[in-house]
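> Would you mind keeping the following structure in view while I ask a few things?
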Amino acid sequence: MPSAILHDASIVKADGTVERFDPEKLMLSLKRSGAGSHTAERIAETITSSVGFEVSSSEIYTKAFAMLRREARPAAARYALRRALLEFGPSGHPFEDFVAELFIAEGWQVERRKIIKGKCVEHETDMYATRGGPNGVETIAAELKYHNDAFYKTDLKTALYVKARFDDIWNCDPKTQKCPIDRGMLITNTKFTSQAVAYAMCSGVELLGWSFPETANLYDRIVAAGIYPVSTLTSLKHSEKKLLINKGIVTSAMIPGNRDALRAAGIPAERIGAILSETQSLTEPFSHA
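Going by our numbering, the sequence shown opens with residue -18, and the numbers climb by one from there.
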């Protein structure tokens, strides 16, 4: 096992914190991305044997991604999913469009940047979603917060601001209008501070982030729906990803119906075939226990 050759290495994260390098944790993250047990163990062993006594998390990621990309592109794409979301920046609109596509894949009808009248003022919500259920039509309004830095956390101040907006919508006058939402959500591509989580759980605002809640978080829902950011595709160059995102192509599932955009980006036919193949492979089921 990889842990047998561990020599007390430390890993320095991008936020400056230092912790013991755990090859078992690396192996689990590789398996979670869809790498087979043999592949995940071999990559973890190779990296463990090559690191010094201090290594950066970026170096570990780069080595693991490169090895995984050579052997299993779909797994490499999922392994890079968190970073792929960061490539939507600097504007938050592509992330908003991506989340809308995710909810659509889950069976919701979605309106983007919808104006909703509250008791006191009107509010522009980033996403308004409706879906029929056993108890009738369910409605959600969501505020999305996009960050270019994976270590930037959505904080208590943001949760307070979002709750105030939802309160104004929930407190509409039932004599003159039907209150337009059942649930309010705050969604981010990164994480939440502990204070933001505590306040939201107490006040009734739902949170959806990279690793929150523990299950059915943003990562889990992306994988379950098979709706991946177009920036996840390892067969696309960074400049090509930007061109596609700027054209509103934010998910890999949009690629087959937009081949003209690939050709317009100057991508030759043989590479278009490889891109379409990778897109298809991302939709295939896999085990990520």
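For every residue, glycine included, the Cβ atom is placed at its ideal position computed from N, Cα and C.
Check this for me: beta carbons of Ile41 and Ile28, under 8 Å apart or not?
Result yes, Cβ atoms of Ile41 and Ile28 sit closer than 8 Å.
> Output yes or no for whether 8 Å exceeds the beta carbon distance between Glu77 and Arg93.
Yes, Cβ-Cβ distance for Glu77 and Arg93 is below 8 Å.
> Which residue from Thr260, Asn239 and Glu221 puts its Cα closest to that of Ile68?
A small correction: the amino acid at residue 68 is Glu; Ile does not occupy that position in the sequence shown. Closest option to Glu68, Cα to Cα, is Glu221.
> Report the residue from Met108, Met166 and Ala131 whose alpha carbon sits nearest the alpha carbon of Asp148.
Comparing Cα positions, the closest option is Met166.
> Of the choices Gly190, Leu243, Glu265 and Leu9, whose alpha-carbon is the least far from that of Tyr127?
The option with the nearest alpha carbon to Tyr127 is Gly190.
> Consult DSSP for Asp107 and reduce its assignment to one of helix, strand or coil.
Strand, per DSSP.
> Apart from the five residues just before and just after Leu11, which ones in its own chain have a Cβ nearer than 8 Å to its Cβ?
Here the set comprises Thr20, Ala21, Ile24, Ala25, Ala45, Leu49, Ala56 and Tyr60.
> With a 10 Å radius around its C-beta and 16 neighbouring C-beta atoms as the bar for buried, classify Met182 as buried or exposed.
Per the 10 Å Cβ criterion, exposed.
> Spatial neighbours of Lys144 within its chain, please: C-beta separation below 6 Å, excluding the five flanking residues on both sides.
Excluding sequence neighbours, Lys144 sits near Ser184 and Val186.
> Going by beta-carbon coordinates alone, are Thr174 and Asp136 separated by less than 8 Å?
Their beta carbons are under 8 Å apart, which means Thr174 touches Asp136 by this criterion.
> Measuring CB to CB, does Arg252 end up less than 8 Å from Ser212?
The answer is no: Cβ separation not under 8 Å.
> Could you tell me the distance, in whole angstroms, from the CA atom of Ser(-9) to the CA atom of Ser30?
C-alpha separation (whole angstroms): 13 Å.
> Terminal residues of the continuous beta strand (DSSP E) containing Met8?
Careful: Met8 lies outside any beta strand (DSSP E), inside the alpha helix (DSSP H) at Pro4 to Arg13.
> If we require 3 or more residues per run, which beta strand (DSSP E) segments fall completely within the region 165 to 236?
Listed in chain order, the complete beta strand (DSSP E) runs (minimum 3 residues) inside the region 165 to 236 are 187 to 189.
> Cβ atoms of Thr260 and Leu224: under 8 Å apart, would you say?
Against a cut-off of 8 Å, the Cβ pair of Thr260 and Leu224 comes out as no contact.
> For Ala255, I'd like the list of residues in its chain whose CB is within less than 8 Å of its CB, leaving aside the five on either flank, ordered along the chain.
Within the same chain, Ala255 has close Cβ partners Ser216.
> For Thr139 and Ala179, which I take to be in contact (beta-carbon distance under 8 Å), what is that distance rounded to the nearest angstrom?
Actually they do not touch by this definition, with Cβ atoms about 14 Å apart.
> For Glu68, does the three-state DSSP call read helix, strand or coil?
If DSSP states are grouped into helix, strand and coil, Glu68 belongs with coil.
> Let me confirm a value: Glu124 is counted as buried when at least 16 other C-beta atoms fall within 10 Å, else exposed. Which label applies?
Glu124 should be labelled buried.
> CB Cys153 to CB Gly70, shorter than 8 Å?
The answer is no: Cβ separation not under 8 Å.
> Give the range of the beta strand (DSSP E) segment to which Glu265 is assigned.
First-last for Glu265: undefined, no H or E at that position.
> Kindly indicate the opening and closing residues of the alpha helix (DSSP H) around Lys44.
That run of the alpha helix (DSSP H) goes Ser38 to Glu52.
> I'd like the span of the alpha helix (DSSP H) that includes Ala245, first residue to last.
Per DSSP, Ala245 belongs to the alpha helix (DSSP H) from Arg240 to Ala245.
> Rounded to whole angstroms, what is the Cα-Cα separation between Gly207 and Thr264?
About 5 Å.
> For Val143, name the three-state secondary structure that DSSP assigns.
It is helical.
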